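Undergrad: Questions regarding the structure given below will be posed in turn.
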Amino acid sequence: MRLLSLSSWLAAAVLISCAFVVSRSFLREGIQNSNSDIETINKALRKSHGDPPVFAYWISGTGGENRRIIRLLKAVYHPRNRYLIHLDAGSTADERTELARAVRSERVFKAFGNVDVMGKSYAVDRTGSSVLAATLHGAAVLLKISKDWDWFITLSSSDYPIVTQDDLLHAFMTVPRDLNFVDHTSDLGWKEHERFQKIIVDPSLYMDANAQSFFATETRQTPDAFRIFTGSPWVILSRSFIEHVVYAWDNLPRKLLMYFANVAYSVESYFQTAICNSPQFINTTVNDDLRYFVWDDPPGLDPLFLNESNYEAMINSKAAFARRFIGGDEVLNKVDDQILRRSSNGVSYGKWCLGREEDISETGSEDLCLTWGDINLIEPRPEGKELRELVAKIIERRGCV
Ligand SMILES: *[C@@H]1O[C@H](CO)[C@@H](O)[C@H](O)[C@H]1NC(C)=O
Ligand SMILES: *[C@@H]1O[C@H](CO)[C@@H](O)[C@H](O)[C@H]1NC(C)=O
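In mature numbering (1 follows the signal peptide of the UniProt record, and there is no 0), the protein residues as written are -19 to -1, 1 to 382.
Shown next, in the form of structure tokens:
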């Protein structure tokens, strides 16, 4: 926050005083244009047996991405869930203030108080371990600000959901809450030499601005004190596993963190290695991340950008999220229209929204979520029911490979 320009100091002061929790304090301000919403809001999130789970989303982005982050947030929004957004040091203080203001000005976020913006930005280099440090801090903050959530889900600004939250909540309703969805393999291939035997230094861990990592000239041996697993950085982790890595009563997660500080792309290996080397958690591991990607042949560092030509395959993949998208791509509008039933400015439709299609022509608003019902009720689409069957099938195989 030292880089603040004078013009934004006032707004920033608000940000700082709320620390990372921006939206919750606005709950108390009351709702200006309320109808019968107040009663609905007071209807607390129910967390008993048979209720849907709660997801905690960690959404990360950088400078120039506010619009797409807000769009993604609205696309994955459900009043039962928690959301924590982080703009890294590639963003300006003004942008972070603007993001916090945008979140605050959204009536539904304000009413349910479940969206928070990190007041502090971290320098991040995804090649290095600074991105892992930021993710773990996000997880720690989410543990602290909410006792309710069951799973921690990582998303970046170039991701988008391809099912509704009602679908996803329905799919996870019968999943044992201690399972972890982590794409992984112990077959390191070329990565053994290129990643685990090299030593990388990530200046974003100790500099204010995003900086590029560099390799040391020395190399080192592949570890034999634990077995390395690697995979996708996009994970769905149980609350108990997040507690395991954040509190680290067992020493392994901490030791691994120190080792992985100098491993390239450690965010693709840390969770994998921590879970697969832990007797307590190894058998809670499901080798699937429920994401849809398309890789070039041979695969590049990142998956290909998806567009309308990928729509059918993407939908048929039965994944929950897809990446990567170019901001504002036409295919996202299609997802909004056909899957999420999201108006251009509204949040994604769910059973908790009381608006009906019939009302659209009457009110002139296309937003079905202007009035709210019971947030504990969900209604999956047929695709949501299929997703549940698929998830039930993939969780039969547990353990690390
Ligand atoms: C995990 O499950 C496998 C197969 O059921 C079993 O052989 C193994 O002992 C389990 N590991 C732990 C640590 O419980
Ligand atoms: C969609 O992506 C594919 C593969 O990346 C590309 O070949 C194609 O030209 C793209 N189509 C459009 C409409 O942008």
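Just so you know, even glycine gets a beta-carbon here, dropped at the ideal spot from N, CA and C. Since we're looking at a predicted model, the values are computed, not measured.
(1) For Asn161, which of helix, strand or coil comes out of DSSP?
(2) Pull up the DSSP beta-bridge partners for Leu186, would you.
(3) If we require 4 or more residues per run, which alpha helix (DSSP H) segments fall completely within the stretch 83 to 118?
(4) Where DSSP assigns a beta bridge to Ile217, which residues make up the other side?
(5) Given this structure, state the Cα-to-Cα distance separating Gly212 from Phe222, to the nearest angstrom.
(6) In chain order, what residues of the same chain lie with their CB nearer than 7 Å to the CB of Ala310, ignoring the 5 residues before and after it?
(7) Ordered along the chain, which non-local residues of its own chain (more than five positions away) have a Cβ less than 7 Å from that of Phe252?
(8) By the three-class DSSP mapping on this structure, what secondary structure does Leu68 have?
(9) Would DSSP call Val156 helix, strand or coil?
(10) Just the Cα atoms here: how many angstroms apart are Asp270 and Thr198?
(11) Where does the unbroken alpha helix (DSSP H) through Gly365 begin, and where does it stop?
(12) With C-beta atoms as the reference, is Pro361 less than 7 Å away from Asp148?
(13) Which of helix, strand or coil does DSSP assign to Val226?
(14) Please state the DSSP three-state secondary structure of Glu199.
(15) Can at least three beta-carbon pairs, one atom from the stretch 233 to 240 and one from the stretch 185 to 200, be found at a separation below 8 Å?
(16) Using only Cβ atoms and a threshold of 6 Å, which residues come within that distance of a heavy atom of ligand 1? Order them by chain position.
(17) Under three-state DSSP, which class holds Lys125?
(18) Going by Cα to Cα distance, which pick from Val156, Ser86 and Ser139 is closest to Asp131?
(19) For a minimum of 4 consecutive residues, which ranges assigned as the alpha helix (DSSP H) are wholly contained in the stretch 259 to 309?
(20) Any heavy atom of ligand 2 closer than 6 Å to the beta-carbon of Ser213?
(21) Who does Ala242 pair with in a DSSP beta bridge?
(22) Apart from the five residues just before and just after Ile51, which ones in its own chain have a Cβ nearer than 6 Å to its Cβ?
(23) Under 5 Å, CB to any heavy atom of ligand 2. Which residues pass, going along the chain?
(24) Could you please give the first and the last residue of the uninterrupted alpha helix (DSSP H) stretch that includes Ala37?
(25) Suppose the cutoff is 8 Å on Cβ atoms and the five residues either side in sequence are ignored; what does the same chain contact list for Ala242 look like?
(26) Helix, strand or coil for Asn16 per DSSP?
(27) Please go through the same chain and pick out, in chain order, the residues whose beta-carbon is closer than 7 Å to the beta-carbon of Asn95, but skip the five residues on each side of it.
(28) Ala70: which of Asn191, Arg304 and Ser259 sits nearest, CA to CA?
(29) Just checking my contact of Lys179 with Thr200 at CB under 8 Å: how many whole Å lie between their CB atoms?
(30) Whole angstroms are fine: how far does the CA of Thr203 sit from the CA of Val316?
(31) Measuring alpha carbon to alpha carbon, tell me which of Lys374, Glu367 and Ser329 ends up nearest Phe90.
(32) Would you mind working out which of Ile296, Asn357 and Thr265 sits nearest Gly380, comparing C-alpha positions?
TA: The relevant details are as follows:
(1) strand
(2) In DSSP, Leu186 forms no bridge with anything.
(3) 88 to 93
(4) Ile134 and Phe162
(5) 17 Å
(6) According to the sequence shown, residue 310 is Asp rather than Ala. Excluding positions up to five away in sequence, the list reads Asn288.
(7) Val163, Val216 and Leu218
(8) strand
(9) coil
(10) 35 Å
(11) Pro363 to Ile375
(12) yes
(13) helix
(14) strand
(15) no
(16) Pro260, Ile263, Asn264 and Gly380
(17) helix
(18) Val156
(19) 292 to 297
(20) no
(21) DSSP, once it has assigned bridges, lists no residue as partnering Ala242.
(22) Ala83
(23) Leu285, Asn288 and Ser290
(24) No alpha helix (DSSP H) contains Ala37, which is instead part of the beta strand (DSSP E) from Phe36 to Gly42.
(25) Ser110, Asp183 and Leu186
(26) Because Asn16 carries a pLDDT of 45, less than 50, the predicted location of this residue cannot be relied on, and the following value inherits that uncertainty. Coil.
(27) Pro60, Asn62, Arg63 and Tyr64
(28) Asn191
(29) 6 Å
(30) 44 Å
(31) Ser329
(32) Thr265
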